[in-house]
Amino acid sequence: MDNEADQIVLLIIGIILIVAGIILFLWLSVSLIKGRTSKRQNMVSLVVGVALVLCGVYLNIIFFNKDKLTPLESSLINQAEETNKSLPRMLDENTRFDDVTVLGTEIYYRNTVVNSSADQIDKYSFQNIMYQKLTKYLCPKQDITAMLKGGVKYRYNYFGNKGVLISTVVISKETCGIR
Numbered sequence: 007m008d009n010e011a012d013q014i015v016l017l018i019i020g021i022i023l024i025v026a027g028i029i030l031f032l033w034l035s036v037s038l039i040k041g042r043t044s045k046r047q048n049m050v051s052l053v054v055g056v057a058l059v060l061c062g063v064y065l066n067i068i069f070f071n072k073d074k075l076t077p078l079e080s081s082l083i084n085q086a087e088e089t090n091k092s093l094p095r096m097l098d099e100n101t102r103f104d105d106v107t108v109l110g111t112e113i114y115y116r117n118t119v120v121n122s123s124a125d126q127i128d129k130y131s132f133q134n135i136m137y138q139k140l141t142k143y144l145c146p147k148q149d150i151t152a153m154l155k156g157g158v159k160y161r162y163n164y165f166g167n168k169g170v171l172i173s174t175v176v177i178s179k180e181t182c183g184i185r
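Residue 77 in this note's numbering sits at position 71 of the sequence shown, with consecutive numbering throughout.
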């Protein structure tokens with residue numbers, strides 16, 4: 007999140023989700039005591055309540071831990087934000103680079119194969135081709151090697167033009183043979 011107002015919105019949404027989950031649990035409790043609902047309705051209510059509470063807790067954890075990032079994580083997030091300013095952009099006639107996301111020390115690249123849907127592509131061949139290209143290009147680079155030694159992983163996600171995942175290629179220390 008870029009500014010403090012966005013952070014506050016995140017906190018408020020998290021609180022609302024937690025409260026909604028608790029209300030759903032209370033409703034479920036009353037329904038169970040009075041026996042007014044079916045087992046299926048009870049199960050759906052339980053699952054939705056748990057999901058709401060977990061999502062709310064997650065958003066609140068993000069809010070309260072935002073300042074506890076390591077310098078590496080902060081640097082990765084800043085780099086991703088800068089990169090995202092110039093996205094989306096075409097890498098070649100078939101591939102669009104959509105965005106970069108950072109979670110911890112993992113960098114997620116989202117790419118779209120604009121001329122094909124996932125069901126039109128042989129996923130196994132695509133995976134092998136992209137793995138070979140990415141390792142050949144990235145592994146020799148000194149700046150990438152330094153990041154990999156520091157525990158960073160690069161995840162290149164490729165989606166078809168209808169948004170369905172085709173393949174993910176992970177570049178890590180192990181991928182590049184770094185000790």
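Glycine included, C-beta positions come from ideal geometry on N, C-alpha and C.
Is the separation between the beta-carbon of residue i and that of residue j shorter than 8 Å?
| i | j | result |
| --- | --- | --- |
| Gly-62 | Gly-110 | no |
| Arg-102 | Thr-76 | no |
| Asn-90 | Asp-105 | yes |
| Leu-17 | Asn-66 | yes |
| Leu-140 | Val-108 | no |
| Leu-34 | Leu-52 | yes |
| Phe-132 | Ser-173 | yes |
Assuming residue i and residue j form a contact by the criterion Cβ under 8 Å, report the distance between their Cβ atoms to the nearest whole angstrom.
| i | j | result |
| --- | --- | --- |
| Phe-165 | Arg-116 | 7 Å |
| Ile-113 | Arg-42 | In fact, because the Cβ distance is near 50 Å, the residues do not count as touching under 8 Å. |
At the level of alpha carbons, what is the spacing between residue i and residue j?
| i | j | result |
| --- | --- | --- |
| Lys-129 | Ser-178 | 21 Å |
| Met-153 | Lys-147 | 10 Å |
| Gln-47 | Lys-40 | 14 Å |
| Gln-126 | Asn-134 | 16 Å |
| Leu-23 | Ser-37 | 21 Å |
| Ala-57 | Ile-19 | 14 Å |
| Gly-55 | Gly-156 | 39 Å |
| Glu-99 | Ser-123 | 15 Å |
| Gln-138 | Glu-180 | 14 Å |
| Val-50 | Leu-97 | 44 Å |
| Lys-74 | Asp-149 | 25 Å |
| Tyr-143 | Leu-32 | 56 Å |
| Ala-11 | Met-136 | 40 Å |
| Lys-45 | Asn-84 | 48 Å |
Can you tell me which of the options puts its alpha carbon nearest to the alpha carbon of residue i?
| i | options | result |
| --- | --- | --- |
| Val-176 | Ile-184, Lys-168, Asn-163 | Asn-163 |
| Ser-80 | Ser-173, Phe-132, Ile-184, Val-158 | Val-158 |
| Tyr-64 | Gly-169, Ile-21, Ala-86, Tyr-143 | Ile-21 |
Counting only the same chain and skipping the five closest in sequence on each side, list residues whose C-beta sits under 6 Å from that of residue i.
| i | result |
| --- | --- |
| Cys-145 | Cys-182 |
| Val-59 | Ile-24, Gly-27 |
| Asn-167 | Val-120, Ser-123 |
| Ala-86 | Val-106, Val-108 |
| Glu-88 | none |
Can you list, in chain order, the residues of its chain with a C-beta nearer than 8 Å to that of residue i? Leave out the 5 residues immediately preceding and following it.
| i | result |
| --- | --- |
| Thr-151 | Cys-145, Cys-182, Ile-184 |
| Leu-171 | Ala-124, Asn-163, Tyr-164, Phe-165 |
Which residues in the same chain have their Cβ closer than 7 Å to the Cβ of residue i, if we skip the five residues on either side of it in sequence?
| i | result |
| --- | --- |
| Val-15 | none |
| Gly-169 | none |
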